[in-house]
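Peer 1:
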Amino acid sequence: MKDSINQAKRPPDIPQADGDVQGRLITALLDPRRYPHPAKRVQVMETHISWVLLAGRYAYKIKKSVDLGFLDFTDLSSRRHYCEEELRLNRRLAPQLYLGVIPLGGTAEMPEIGAEPAIEYAVKMRRFAASQQLDRLAEHGKILPEHMDSLAAKIAHFHNGLSSAEPAAGLGSATATQATVLQAFKQLQAGLAGTENEARMAGLRQAIETEYDVRKEHLERRLAEGFVRECHGDLHLGNIALIRGQSVPFDCIEFSPSLRWIDVMNEVAFTVMDLLHRQRSELAYRFLNAYLEATGDYGGVPLLPFYLTYRAAVRAMVSAIRAGQSNLSKRDKAAALASCSSFLDLATACLAQQRPALIITHGLPGSGKTTFSQAALERLQAIRIRSDVERKRLFGLAALADSRSHTGGIYHAEATARTYARLHDLARALLAAGFPVIVDAAFLKREEREHFRMLADELAAPFAIASLKASSEIMQSRIVKRQSESNDASEADLGVLKLLQEKEEVLAPQEQAYTVEFVNEKEGFGSEDSAWKKLERLLDGR
């Protein structure tokens with residue numbers, strides 16, 4: 001795929017860029033004296049499409065004069081154009097890294113940075129520590145939940161601010177999406193020809209084609225509804241860096257509009273897939289749920305298995321190509337084949353996994369429902385829907401907005417009925433798509449609980465009530481703390497707690513059969529493992 005500022009190695013069997021001029025230019029630029037800023041030494045890194053020169057605090061990326069079919073950088077004007085595109089696209093997410101397009105004047109042997117007329121162009125970037133890329137952090141067990149929260153907030157804000165593709169343009173259509181996916185599978189099949197994975201690859205291709213047939217109308221509807229946008233295009237962990245505590249994506253795809261004008265859920269799927277492949281499912285579902293909560297795009301979730309499989313297949317293809325390189329050592333070849341196999345395993349699992357189940361919470365304000373549901377979505381790989389968030393969304397309010405600004409209020413009986421209807425509709429769609437669902441709401445009325453139990457029964461999905469318990473003193477202290485911090489969607493105050501304590505309809509004896517009680521009186525979320533095991537047994541139908 002793409003190369004980054006701090007990691008780039010050219011596969012040895014891919015020819016270097018054509019032309020001695022660029023080679024002489026790169027050699028000359030290894031001299032620190034060529035730069036208009038301090039640089040003790042200059043390092044160069046190379047991929048099949050560019051060189052990156054690391055000089056002091058800055059990096060200069062020069063595109064190779066190559067034509068690889070899917071990109072053509074063979075003339076200077078095209079290289080300048082794609083440098084400008086790289087700058088435009090990446091400044092949307094990482095303006096602090098992408099500083100400008102710089103002309104290189106003079107001669108190949110005596111280049112002058114910033115001089116005209118230009119013999120070449122470079123994208124000038126601010127360097128950052130390679131150790132802070134999220135893939136590196138993940139390898140060393142240093143990627144944290146807050147990194148996922150930061151990333152989800154950034155990508156949600158980014159996607160929400162993008163213009164939608166015009167359906168007539170053809171970008172992001174079902175047909176275009178199918179062509180991109182099948183091209184990746186065709187290349188993967190070619191890379192696996194004659195290997196033990198050849199047969200399973202054929203089966204996987206048939207499965208993805210079947211999934212496409214099922215989702216074709218949904219793909220077209222997403223385009224019509226405006227969810228195809230000019231995205232990053234290559235949002236795996238290696239293209240995200242931690243800078244000043246914030247997750248910053250970089251290295252957008254600049255050379256192919258069809259690879260970046262995609263459904264936003266396709267973009268999200270790449271990050272989720274990468275985390276799943278690294279055995280960090282809890283972070284994958286934390287990121288996914290934070291993104292969904294911020295955007296409200298639960299309608300894209302049914303397409304997630306299709307996109308996860310596609311993204312895993314692309315990474316398998318990269319590994320297969322590497323395994324086929326003639327000059328690899330036996331050890332490196334074995335590692336590449338193992339990587340390919342593991343991505344194929346994930347691709348297969350993403351399509352095969354159908355495990356719908358429905359959990360609803362039950363509890364008073366401050367009992368720990370949302371803290372529980374956060375722990376549960378990470379543990380169970382589930383999709384969560386929060387009543388506090390969806391209620392505000394129904395009335396055009398952001399999650400942390402003060403509802404007192406809304407004329408007529410949002411907590412009257414009709415608003416509550418609309419909120420539960422919204423939760424019911426979302427849960428139905430997600431369950432039908434094969435996902436476990438957690439509905440985070442008070443569910444203090446027996447009628448509300450029964451309505452959702454009947455939904456699970458209708459869709460043949462296991463059902464459970466997670467009943468949250470805490471002392472009145474603890475619930476009161478949590479509410480006071482939450483109000484003072486103003487960092488949660490819930491607006492329940494002590495008066496609401498008192499009112500609901502009086503109105504709560506206790507769980508009926510017949511409900512106890514599918515209820516698990518979680519006593520939550522600790523900081524964060526603490527409960528006995530036996531409660532989790534009971535919940536998991538209920539969801540397994542035992």
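Quick note: the sequence shown, position 127, residue 127 per UniProt numbering, numbers continuous.
Every residue gets a Cβ at the ideal spot worked out from N, C-alpha and C, and that includes glycine.
(1) Report the residue ranges of all alpha helix (DSSP H) runs contained in full by the stretch 345–400; include only those spanning at least 4 residues, in chain order.
(2) In chain order, which beta strand (DSSP E) runs of at least 3 residues are fully inside the stretch 454–512?
(3) Secondary structure at D67, three-state DSSP: helix, strand or coil?
(4) Closest to A489 by CA distance: which of R322, I359, R393 and E230 is it?
(5) Does L380 pass the burial test, meaning 16 or more other C-beta atoms within 10 Å, or should it be called exposed?
(6) Is it buried or exposed for Y60, if we count other Cβ within 10 angstroms and need 16 for buried?
(7) Taking the alpha-carbon positions, what's the F270 to A513 distance?
(8) Look up Q279 in the DSSP assignment and say whether it is helix, strand or coil.
(9) When you compare the CB positions of L188 and A334, do they come within less than 8 Å of one another, or not?
(10) Check for me: the beta strand (DSSP E) holding L104 runs from which residue to which?
(11) Less than 8 Å between the beta carbons of F73 and K63, yes or no?
(12) For F518, name the three-state secondary structure that DSSP assigns.
(13) Give the range of the beta strand (DSSP E) segment to which L328 is assigned.
(14) So, with DSSP's three-state summary, where would you put Y307?
(15) Thinking C-beta only, is S319 closer than 8 Å to A336?
(16) Can A429 and S387 be called in contact, C-beta distance under 8 Å?
(17) May I ask which residues mark the beginning and end of the beta strand (DSSP E) holding I243?
(18) Counting Cβ pairs, one atom from each stretch, are 3 or more of them under 8 Å apart for the stretch 528–537 and the stretch 476–494?
(19) Looking at C-alpha atoms only, which residue of H147, P111 and G106 is the closest neighbour of D31?
(20) Rounded to whole angstroms, how far is the Cβ of C350 from the Cβ of L308, which I believe are closer than 8 Å?
(21) Mind checking S147: buried by the 16 CB within 10 Å criterion, or exposed?
(22) What is the rounded straight-line gap between the Cα of L104 and the Cα of V314?
(23) Tell me whether the beta-carbon of V383 lies closer than 8 Å to the beta-carbon of N289.
(24) Does the contact criterion of 3 or more C-beta pairs under 8 Å hold for the stretch 115–124 versus the stretch 217–230?
(25) How close, in whole Å, do the beta carbons of Y291 and A152 come, if the pair is a contact with beta carbons under 8 Å?
(26) Please specify which runs of the beta strand (DSSP E), each continuous and at least 3 residues long, are wholly inside the stretch 227–267, giving them in chain order.
(27) Assuming E254 and E85 are in contact, meaning their beta carbons sit under 8 Å apart, how far apart are those beta carbons, in whole angstroms?
(28) Return helix, strand or coil for A129, following the three-state DSSP convention.
(29) Excluding the 5 residues flanking P257 on each side, which residues of the same chain have their C-beta closer than 7 Å to its C-beta?
(30) Which runs of the alpha helix (DSSP H) at least 4 residues long sit entirely within the stretch 133–186? Give them in chain order.
(31) Measure from the alpha carbon of K142 to the alpha carbon of each residue in E450, F158, R278 and L497, then state which is nearest.
(32) Suppose you measure from the CA of F518 to the CA of L538; what does that come to, to the nearest Å?
(33) In three-state DSSP terms, what is A224?
(34) By the DSSP assignment, the alpha helix (DSSP H) with L25 in it spans what residues?
(35) If you pair each beta-carbon of the stretch 360–368 with each one of the stretch 485–502, do three or more pairs fall below 8 Å?
(36) Suppose you measure from the CA of V506 to the CA of L426; what does that come to, to the nearest Å?
Peer 2: According to the data block:
(1) 369–380 and 387–394
(2) 463–469
(3) When secondary structure is reduced to three states using DSSP, D67 falls in the strand class.
(4) R393
(5) Residue environment: L380 is assigned as buried (16 or more neighbouring CB atoms within 10 Å of its CB, all protein chains considered).
(6) buried
(7) 40 Å
(8) Reduced to three states, the DSSP call for Q279 is coil.
(9) no
(10) Y98 to G106
(11) yes
(12) The three-state secondary structure of F518, taken from DSSP, is strand.
(13) First-last for L328: undefined, no H or E at that position.
(14) helix
(15) yes
(16) Their beta carbons are not under 8 Å apart, which means A429 does not touch S387 by this criterion.
(17) I240 to I243
(18) Output reads no: the stretch 476–494 does not touch the stretch 528–537.
(19) P111
(20) 4 Å
(21) Note that residue 147 is His in the sequence shown here, rather than Ser. It is buried - the Cβ of H147 has at least 16 other Cβ atoms within 10 Å.
(22) 35 Å
(23) Checking the sequence shown, residue 383 turns out to be Ile, not Val. Taking the C-beta atoms as reference points, N289 is found nearer than 8 Å to I383.
(24) By the criterion of at least three beta-carbon pairs nearer than 8 Å, the stretch 115–124 is not in contact with the stretch 217–230.
(25) Sure, about 4 Å apart at Cβ, within 8 Å.
(26) 228–230, 240–243, 246–249 and 261–263
(27) 4 Å
(28) coil
(29) L171
(30) 134–139 and 145–160
(31) When each option's Cα is compared against that of K142, the closest is R278.
(32) 14 Å
(33) helix
(34) D20 to A28
(35) Touching, yes.
(36) 26 Å
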